[in-house]
């Protein structure tokens with residue numbers, strides 16, 4: 592294809608999915624350094640992209656508000672404004688990484704001459720594309736995304752996760768946790784209740800992490816994790832007290848991260864931190880930390896993965912003991928060359 596001048600990436604949410612799309616941004620910028628690149632994203636995830644040196648524009652997509660167009664004239668007018676702004680953006684290449692009806696429709700609304708998406712996109716989103724790319728649904732999300740980048744001519748041999756560094760965010764974290772302290776960041780939250788390892792299990796990690804590895808524990812996550820963090824006797828509690836850039840700065844400082852299958856888990860993986868990923872109802876094959884399968888700890892149960900947001904027993908996580916996680920901690924610290932911490 593001829594060199595595009597104006598490119599739009601559509602990946603509104605969720606946080607982990609936006610992280611998994613970052614290698615596409617890096618590949619596009621390498622391929623076309625002078626192109627104008629925009630990203631359509633929800634406000635909840637925009638903090639990861641605003642001010643990013645590889646991006647020229649962040650377009651906010653108010654998903655929840657615009658989802659009320661059938662009963663709200665104001666929402667309908669706002670959606671019409673968004674559609675007009677996409678057309679006025681004069682995009683010549685749109686890559687839909689979301690693969691749902693609304694994202695495909697927005698790609699079509701741009702009137703870009705080249706609209707690329709997966710042939711397996713759900714909700715008939717593929718009807719809005721000019722170019723459809725095949726990819727096995729069991730591939731990791733990052734590899735599926737890179738199939739789209741390769742289809743438009745981007746090199747994908749090197750996979751990069753360009754996470755923007757904010758000096759102000761780093762200063763905030765240093766003001767809350769004195770620099771130089773070895774820290775383990777505990778992330779007890781997850782969007783699905785079924786993906787949450789019990790907070791009481793996280794609490795069991797605090798003493799051995801400090802006693803065996805000299806790590807001060809920090810609880811973190813969004814406002815919804817405040818109640819969970821209250822059950823964990825961590826040395827520092829930053830749950831609900833960080834913006835997305837500040838969370839990135841915290842995870843960049845971490846000597847170890849222990850997390851459920853969640854957006855912050857994938858940020859930590861992208862930063863290359865020593866990591867333990869606690870999995871229950873979801874599949875590590877599809878959504879484990881990218882190329883970090885050794886970091887995953889889970890129970891091998893007949894009903895897992897079930898991909899269910901509702902479960903009456905949640906045995907796959909409730910029966911997972913702290914010692915199993917601590918064993919992977921030891922392996923991860925040793926593997927990442929944290930000799931003193933791995934003792």
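In this note's numbering, the protein residues as written are 592 to 934.
Glycine is no exception: its CB is placed at the ideal position from the N, C-alpha and C atoms.
Residue i, buried or exposed, once every other Cβ within 10 Å from all chains shown has been counted against 16
{"i": "residue 889", "result": "buried"}
{"i": "residue 668", "result": "exposed"}
{"i": "residue 926", "result": "exposed"}
{"i": "residue 747", "result": "buried"}
{"i": "residue 745", "result": "buried"}
{"i": "residue 704", "result": "exposed"}
{"i": "residue 771", "result": "exposed"}
{"i": "residue 880", "result": "buried"}
{"i": "residue 998", "result": "Given a span of 592 to 934 for the chain in the structure shown, any question on residue 998 remains unanswerable."}
{"i": "residue 784", "result": "exposed"}
{"i": "residue 695", "result": "buried"}
{"i": "residue 894", "result": "exposed"}
{"i": "residue 844", "result": "buried"}
{"i": "residue 860", "result": "buried"}
{"i": "residue 814", "result": "exposed"}
Residue range of the beta strand (DSSP E) that includes residue i
{"i": "residue 723", "result": "722–724"}
{"i": "residue 851", "result": "847–851"}
{"i": "residue 778", "result": "774–778"}
{"i": "residue 718", "result": "No beta strand (DSSP E) holds residue 718; DSSP gives it neither H nor E."}
{"i": "residue 808", "result": "807–810"}
Counterpart residues of residue i in DSSP-defined beta bridges
{"i": "residue 706", "result": "685"}
{"i": "residue 630", "result": "600 and 649"}
{"i": "residue 712", "result": "The partner list for residue 712 (beta bridge, DSSP) is empty, contrary to what the question assumes."}
{"i": "residue 827", "result": "809"}
{"i": "residue 888", "result": "869"}
Beta-carbon gap between residue i and residue j smaller than 9 Å
{"i": "residue 865", "j": "residue 902", "result": "no"}
{"i": "residue 886", "j": "residue 914", "result": "no"}
{"i": "residue 823", "j": "residue 838", "result": "no"}
{"i": "residue 640", "j": "residue 609", "result": "yes"}
{"i": "residue 731", "j": "residue 706", "result": "no"}
{"i": "residue 612", "j": "residue 620", "result": "no"}
{"i": "residue 833", "j": "residue 720", "result": "no"}
{"i": "residue 773", "j": "residue 617", "result": "no"}
{"i": "residue 805", "j": "residue 816", "result": "no"}
{"i": "residue 615", "j": "residue 760", "result": "no"}
{"i": "residue 691", "j": "residue 725", "result": "no"}
{"i": "residue 869", "j": "residue 841", "result": "no"}
{"i": "residue 681", "j": "residue 700", "result": "no"}
{"i": "residue 623", "j": "residue 594", "result": "yes"}
{"i": "residue 807", "j": "residue 768", "result": "yes"}
{"i": "residue 811", "j": "residue 875", "result": "no"}
{"i": "residue 757", "j": "residue 642", "result": "yes"}
{"i": "residue 932", "j": "residue 862", "result": "no"}
Start-to-end residues for the alpha helix (DSSP H) that takes in residue i
{"i": "residue 616", "result": "606–622"}
{"i": "residue 868", "result": "Residue 868 -> not in any alpha helix (DSSP H); beta strand (DSSP E) instead, spanning 866–869."}
{"i": "residue 736", "result": "732–742"}
{"i": "residue 804", "result": "790–804"}
{"i": "residue 898", "result": "First-last for residue 898: undefined, no H or E at that position."}
{"i": "residue 701", "result": "Neither: residue 701 is in no alpha helix (DSSP H) and is coded neither H nor E."}
{"i": "residue 881", "result": "Premise fails: residue 881 is in no alpha helix (DSSP H) and is neither H nor E."}
{"i": "residue 832", "result": "That residue, residue 832, is in no alpha helix (DSSP H); it is neither H nor E in DSSP."}
{"i": "residue 765", "result": "758–767"}
{"i": "residue 926", "result": "913–926"}
{"i": "residue 929", "result": "Run containing residue 929: none; DSSP gives neither H nor E here."}
{"i": "residue 855", "result": "854–861"}
{"i": "residue 908", "result": "906–909"}
{"i": "residue 817", "result": "817–820"}
Distance cut-off 8 Å: residue i Cβ against heavy atoms of the ligand FAD
{"i": "residue 710", "result": "Annotation note on the ligand FAD: not contained in the displayed structure, which lists no ligands."}
Are three or more beta carbon pairs between the region 762–782 and the region 847–862 nearer than 8 Å?
-> Contact between the region 762–782 and the region 847–862 is present, because at least three Cβ pairs lie under 8 Å.
Determine contact between the region 683–693 and the region 598–607, defined as no fewer than three beta-carbon pairs at a distance below 8 Å.
-> yes
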